[in-house]
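Asker: In full-length UniProt numbering, the protein residues as written are 1 to 68. No residue lacks a Cβ here, since even glycine has one placed at the ideal position from N, Cα and C. Since the structure is predicted, the reported quantities are computational estimates derived from the model, not experimental observations. Below is the structure I would like to discuss, written out as structure tokens.
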């Protein structure tokens, strides 16, 4: 997985930001990797993954109704 290395290269050091980025983009695999970094990073990754699921459930029907 390239996410942690890319975040380090970009200078992202905050466990909150790293967890949110990994959880939003890589979902379960990103959350697993975030948990390996730290518990705090993993907690934010799980939160981000959950929020993305809710956002998808809310906004996808709206987007489909606009397109169709």
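Counting pairs of Cβ atoms below 8 angstroms between the region 47-56 and the region 12-23, do you hit three or more?
Answerer: Yes: the two stretches touch, three or more of their Cβ pairs being nearer than 8 angstroms.
Asker: Within the chosen definition, does the region 48-62 reach the region 23-30 through at least 3 CB pairs nearer than 8 angstroms?
Answerer: Yes: the two stretches touch, three or more of their Cβ pairs being nearer than 8 angstroms.
Asker: Mapping DSSP to helix, strand and coil, what is residue 54?
Answerer: Of the three classes helix, strand and coil, the one that applies to residue 54 here is helix, per DSSP.
Asker: Within 10 angstroms of the Cβ of residue 61, are there 16 or more other Cβ atoms? Answer buried if so, exposed if not.
Answerer: By the 10 Å Cβ count, residue 61 comes out exposed.
Asker: Measure how close the beta-carbons of residue 29 and residue 1 come, nearest whole angstrom, since I'm counting them as under 8 angstroms.
Answerer: Sure, about 7 angstroms apart at Cβ, within 8 angstroms.
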